[in-house]
Structures are given as C-alpha cells and as structure tokens.
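Okay, so the sequence shown: first residue is 26 according to the working numbering, each after it adds one. Built from N, CA and C at the ideal position, the CB exists for glycine as well.
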Amino acid sequence: MFTSLRRLNNLNQFVRYYSSEPTLKQRLIQIIPAKVEQVKQLKTEHGDKIIGTCTVAQAYGGMRSVKSLVTETSSLDPEEGIRFRGFTIPECQAKLPKAPGGEEPLPEGILWLLMTGEIPSESQVKQLSKDLAARSGLPQFVTEMIQKFPKTMHPMSQLSAAVLALQSGSKFTQAYQKGIKKDQYWDATFEDSLDLIAKLPEVAALIYRNTFKDGKVSHKVDENLDWSANFNRMLGFNSKEFDELMRLYLTIHTDHEGGNVSAHTTHLVGSALSDPYLSFTAGMCGLAGPLHGLANQEVLTWTLDLQKKLNNQQVSNEKLAEVVWEGLNAGRVVPGFGHAVLRKTDPRYTCQREFALKHLPNDPLFKLVSQIYEVVPDVLTKQGKTKNPYPNVDAHSGCLLQYYQLKEHEYYTVLFGVSRAIGVLSSLVWDRILSHPIERPKSVTSEWIAKFCQESK
Ligand SMILES: CC(C)(COP(=O)(O)OP(=O)(O)OC[C@H]1O[C@@H](n2cnc3c(N)ncnc32)[C@H](O)[C@@H]1OP(=O)(O)O)[C@@H](O)C(=O)NCCC(=O)NCCS
C-alpha cells in the first residue's frame with residue numbers, strides 16, 4: 026500500500042514537473058537567472074550612481090524618503106498608493122484568480138505575484154493552495170505551548186513566541202549548518218517561507234481560540250479549500266461572505282514596499298542570515314507597535330469609544346469634529362489617519378470601503394466610519410501638524426471584522442501579521458536570490474553632525 030502511494034506521489038510529481046503549468050518553485054527557477062544577471066549588470070555598470078541623499082533632518086527624522094533599500098515585491102507612490110509588482114489593488118482584484126463563485130482575489134494569487142512578478146493561472150493557484158495545505162500542521166509542542174499561554178498575553182506576543190518555537194523546524198538553518206553554497210540559500214529560504222505561510226493560519230487560529238474561545242481548533246485543513254477559507258474554518262467562522270472579506274483582507278495587507286517597520290525589520294534581521302522564522306518574528310514585533318500594525322486595534326477601540334461618547338446616536342459633522350478635537354487637544358493621535366509615505370486616501374482603505382458599500386451599507390459602525398472619513402481630514406488639516414490627513418488601511422478593517430462577528434479587536438493585528446508574512450517572506454526569498462549582504466548603514470553622533478555642519482558652513 027505504502028509503495029503504491031509513494032509511486033502515485035512520484036507520478037504526481039512527474040506529471041507536475043513535465044506539465045505546461047510550472048509550480049511556483051519551478052517558475053522561480055526559470056525566472057532567477059535573468060534577474061540575477063540584470064542586478065549584477067546594474068551593480069557593475071552603475072554602481073556609483075547616486076539614487077538618494079540624506080539630510081540632517083532625515084537622519085533625525087526616521088530616514089523619510091531616503092532611497093537606500095531595494096525591495097522587488099511592491100512599490101508605494103505617495104499619491105497613488107501601493108502597486109504590487111506593478112499592479113494596483115483594483116487591477117489585482119480584476120486579474121488575480123478567485124474562489125469558485127467569489128469576487129475577491131485569493132491571497133495565494135498575490136503570493137505567486139509577489140514571488141514571480143506574474144499573474145498566475147487558476148490552476149497554478151489551486152496547486153499552490155494544495156501545496157500550502159500539504160505543508161500545514163503544527164508540532165504537538167507548539168500547539169501545547171500556545172494552549173498554555175495565559176489569556177492575558179497579548180495575541181501579538183503569542184504570535185511572535187509561537188513562530189519562534191516553529192523555528193526548530195527551519196530547513197534553512199539545517200541546510201546552512203550542513204554548508205550549502207550561497208547561490209542555494211534562496212531554495213531553503215523559499216521552503217521555510219512556504220512552510221511558515223502554510224502553518225500561520227493554524228497558529229493564529231489557535232491563538233484566537235486560546236485567548237477568546239475554548240482553546241481548540243476543530244477544523245482540519247482541507248486541501249480543496251483555499252488558504253483563507255481554511256483559516257476562517259479554523260477560527261470558527263463558516264460564512265461565504267466572510268470568506269470573501271478575508272480573501273480581500275489577507276491580500277491587501279501583504280506588502281507595502283520595503284521601508285515600513287515590519288518589512289524593513291524582516292529584511293534587516295534576514296540580512297544576518299537569520300532564517301525566515303527568526304526574521305519574520307522580528308518583523309511581527311515591529312508590527313505590534315501602535316504606530317504600525319497595532320493601529321488597527323487602536324482604531325476600533327477609538328471608534329467604539331467615540332460611539333459610546335455619542336450615545337450610539339447619529340450626530341452632526343460639527344459635533345463629531347468637536348469630539349475629535351477633544352482627543353487631539355489632549356495630545357492623542359487619531360488612529361488610522363496619517364502615513365509616513367502616503368499623501369492621499371490609502372487605496373487599501375478605499376477597497377475596504379467599497380466592500381462595505383456592497384455588503385453592509387446600512388451597518389451603523391460603517392456609517393460612523395464613513396462620517397469620520399468626512400470629518401477627520403478637515404480637522405487634521407486645520408490642526409496643521411500631520412503631512413497626510415487622510416485615512417490609512419487600519420481606519421477601515423475593524424468595522425468590517427466587527428460586522429462579521431470577529432469582535433475581539435486585540436486580535437486584529439494578528440490577522441495583519443498572517444497576511445504580512447506573504448509580502449515580507451517573498452521579499453526575503455528575493456534578498457537571498459540576489460545575495461543581498463548583511464545590512465549595516467553608518468550611524469553618526471550628534472557631535473559628528475555638529476562638527477560636520479560647522480565645517481561645511
Ligand atoms: C502613521 C504615522 C505614524 C506617520 O508618522 P509621521 O510620518 O511622523 O507623520 P507626520 O510627518 O505627518 O507627523 C507630523 C506630526 O503630525 C502628527 N500626526 C500624524 N498623524 C496624526 C494623526 N493621525 N493624528 C494626530 N496627529 C498626527 C504626528 O504625531 C507629528 O506630530 P509631532 O510633530 O508633534 O511629533 C502617523 O500619521 C500616526 O501616528 N498615525 C496614527 C497611527 C496610525 O494610523 N498608524 C498606522 C499607519 S499605517
């Protein structure tokens with residue numbers, strides 16, 4: 026029986042290898058040589074061209090707009106917003122494969138797109154869903170560890186700790202210890218990345234069930250379901266509409282070019298050849314900050330507080346503005362508004378708004394979020410501090426999750442993290458393909474700056 030099963034597996038592999046539809050890894054193997062050659066040529070022929078400079082203000086100011094990182098997977102225009110490998114969100118929604126009867130893109134499709142730069146076919150995405158299903162499953166000790174975490178431990182801390190525990194299965198670390206060649210680093214990084222992306226939904230679902238429910242995940246990953254639907258079943262949700270929301274949610278949160286905290290941290294830690302589990306954990310610790318991913322939790326807390334303050338009543342824009350001013354005058358930021366790069370409404374906000382207009386136009390919380398959108402940009406503009414008074418991705422996601430009864434806002438950043446894995450790990454694979462070296466920018470002291478400024482007067 027086992028021999029014939031093995032034969033069948035080999036046959037499947039053979040058919041896949043020689044079929045016209047390459048797997049994700051086979052496609053990468055086809056793409057890599059030309060890209061490596063292109064980058065080699067760029068470095069040799071144009072290595073000394075200046076692409077960015079850094080002023081004293083930028084050095085003190087979080088290096089805003091300093092062009093000093095290379096990230097292949099996506100780019101962010103301040104006015105237009107994100108493009109994933111050149112495609113806008115509406116283009117991704119139109120072009121990426123969908124679930125049967127669905128309208129939103131499957132995250133497996135954006136994983137393929139970010140890795141290869143190409144829109145996959147439906148069968149390639151289906152095959153990738155099956156590959157991820159085959160890689161899913163947690164070691165018993167990781168399950169038990171999560172189940173033992175106290176309910177008071179923040180879900181993001183549980184996520185980081187759980188991924189660190191999974192690191193014991195890193196194929197990259199094993200291969201590195203055996204002494205693989207540098208041009209093969211990407212292969213084990215790819216394997217770890219896909220393993221981790223496959224395992225994250227169960228990790229995240231277990232954290233949810235452990236913190237807020239009965240501590241058990243009863244759904245077993247079904248290879249005929251897509252990655253998001255499997256995740257939803259493990260969380261304990263079984264609704265076609267919520268599946269659609271999660272497909273959209275998990276697609277749009279994947280990547281936001283390379284300089285944001287979670288992407289940059291994953292890249293930085295990965296540059297020390299720390300394996301994908303270690304690198305991603307570091308990124309997640311950054312995502313857990315309130316100015317970054319945790320803002321989606323903060324937005325919900327802020328919006329529900331606001332709703333309470335307004336006694337659940339609809340109020341005029343003037344009254345709403347007054348309440349927003351109160352918070353600002355008390356020195357608090359309006360969560361979900363502003364951005365370090367964007368200068369217009371985030372298209373990730375817009376597509377969630379469109380989803381709400383289609384599926385929950387009369388939901389009271391959505392109506393409040395819409396009114397906040399009408400009021401806050403004007404208030405922030407009048408306050409005159411923020412460079413971007415418009416909403417970002419986090420201003421909308423919570424109200425959608427609330428509508429579908431995923432009410433526990435402390436958990437929201439974990440969903441962001443599950444999605445972000447797709448972007449930052451695709452980037453990490455390319456870091457290894459292109460042999461990016463250990464990152465080590467030069468730092469200077471304030472004394473050095475003072476002396477430099479004095480001398481250059
Ligand atoms: C995202 C964010 C961290 C970007 O920071 P940044 O690049 O330094 O933003 P700016 O250059 O516009 O900041 C200039 C000033 O405006 C303030 N500001 C920015 N966004 C603000 C907001 N939403 N509410 C109130 N004040 C805000 C900043 O705190 C800063 O004040 P300071 O000079 O007193 O320190 C910032 O907009 C913010 O804190 N937003 C709320 C949190 C959030 O939504 N984060 C998720 C981002 S995807």
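Check, Outcome
"Nearest residue (CA-CA) to Asp371, options Ile114, Val294 and Ala159", "Ile114"
"Local Cβ density within 10 Å of Ile474, reported as buried at 16 or more and exposed below that", "exposed"
"Ala213, buried or exposed, once every other Cβ within 10 Å from all chains shown has been counted against 16", "buried"
"For Ser107, three-class secondary structure by DSSP", "It is worth fixing the name first, because residue 107 is Ile in this sequence and not Ser. Ile107: strand per DSSP, three-state reduction."
"Proximity below 8 Å, CB of Ser304 to CB of Val294", "yes"
"Contact test: Asn413 Cβ vs ligand 3 heavy atom, cutoff 7 Å", "Of the ligands this structure carries, namely ligand 1, none is ligand 3."
"Distance cut-off 7 Å: Gly127 Cβ against heavy atoms of ligand 1", "no"
"Pro130 in three-state terms, based on DSSP", "strand"
"Paired residues, beta bridge with Pro416 - DSSP", "Phe362"
"Backbone CA spacing between Pro125 and Asp251 [nearest angstrom]", "10 Å"
"Rounded straight-line distance, which links the Cα of Ile277 to that of Arg373", "6 Å"
"Three-pair Cβ contact test at 8 Å for the stretch 182-202 versus the stretch 296-311", "yes"
"The stretch 238-248 contacting the stretch 186-195, beta-carbon criterion three pairs below 8 Å", "no"
"Distance, Leu139 Cα to Arg445 Cα", "12 Å"
"Minimum Cβ-Cβ distance from Val366 to chain C less than 8 Å", "The displayed structure is made up of one protein chain only, and chain C is not part of it."
"The beta strand (DSSP E) enclosing Asp300, as first and last residue numbers", "Counting along the chain, Asp300 falls outside any beta strand (DSSP E), and DSSP gives it neither H nor E."
"Beta-carbon separation (whole angstroms), Val340 vs Gly423, contact threshold 8 Å", "Incorrect: roughly 20 Å between the Cβ atoms, too far for contact."
"Proximity test, Leu316 beta-carbon vs ligand 1 heavy atom, cut-off 7 Å", "yes"
"Nearest-angstrom Cβ-Cβ length linking Leu273 and Cys376, presumed shorter than 8 Å", "7 Å"
"DSSP state of Leu319 mapped onto helix, strand, coil", "coil"
"Check whether Ser218 and Val454 have beta carbons under 8 Å apart", "yes"
"Nearest to Val61 (by Cα), restricted to the options Ser481, Gln338 and Leu459", "Leu459"
"Cut-off 7 Å between Cβ atoms - residues of its own chain near Gln149, not counting five sequence neighbours on either side", "Glu46 and Trp137"
"Closer than 7 Å: Pro372 CB and nearest ligand 1 heavy atom", "no"
"Residue of Gly77, Ile232, Glu343 and Asp208 minimising C-alpha distance to Val91", "Gly77"
"Proximal residues to Glu3 (C-beta, below 8 Å), its chain only, five neighbours per side dropped", "One cannot answer for residue 3 here, as it falls past the ends of the chain, which runs 26 to 482."
"Euclidean distance between Cα positions of Ser471 and Gly86", "13 Å"
"Distance cut-off 7 Å: Lys245 Cβ against heavy atoms of ligand 1", "no"
"Nearest residue (CA-CA) to Gln209, options Thr328, Phe112, Ile54 and Gln322", "Ile54"
"Closer than 7 Å: Pro360 CB and nearest ligand 1 heavy atom", "yes"
"C-beta atoms of Met271 and Met181 nearer than 8 Å", "no"
"For Lys123, the three-state DSSP class (helix, strand or coil)", "strand"
"The beta strand (DSSP E) enclosing Ser99, as first and last residue numbers", "Ser99 to Asp102"
"Nearest to Phe215 (by Cα), restricted to the options Val394, Tyr415, Tyr437 and Gln51", "Gln51"
"Enclosing alpha helix (DSSP H) for Gly272 [first to last residue]", "The residue asked about is misnamed: residue 272 is Arg in this sequence, not Gly. Counting along the chain, the alpha helix (DSSP H) containing Arg272 begins and ends at Lys265 to Ile277."
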